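Written out below as structure tokens is the structure these notes cover.
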Amino acid sequence: MLYLVFSGSFIIVVTFSDDISWPCQKILLIITTVLGFWYLFVEIRDLTSSYEEYFKISWNYLDLGAIISAIVTSITWLINDILEFILL
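First residue of the sequence shown? That's 2 in this note's numbering, and the numbers climb one at a time after it.
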């Protein structure tokens, strides 16, 4: 259920960025970042509990890529807005 909130908030910001106000986008990006780090922690915990089994399943690569890319993109967008605010 939380994964739907994580992916849904990121998809909403990416898809409807022109139609949503920036304060709403910031809230959704923060939700994406917080839940993304939580899911990254869960994936790392799974990785450390069974290292060999973790890399045998190819879906784990996809999970890691999706989580990390959403976190990096969200943080980048939040930082860029802060820098634009400081420079103006």
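All C-beta atoms, glycine included, are put in the ideal place defined by N, C-alpha and C. Quick caveat: nothing in here was measured; it's all calculated off a predicted structure.
Taken through DSSP and simplified to helix, strand or coil, S59 comes out as coil.
Of the other Cβ atoms in all chains shown, fewer than 16 fall within 10 Å of the Cβ of Y62; this residue is therefore exposed. S8 sits close to A67, with the two beta carbons spaced by under 9 Å. The C-beta separation of V14 from Q26 comes to about 5 Å, placing the pair in contact by the 8 Å criterion. Take F38, set aside five residues on each side of it, and the residues of its chain with a beta-carbon closer than 7 Å to its own are I72, in chain order.
The beta-carbon distance between L79 and L30, rounded to whole angstroms, is 5 Å. This is short enough to meet the 8 Å contact definition.
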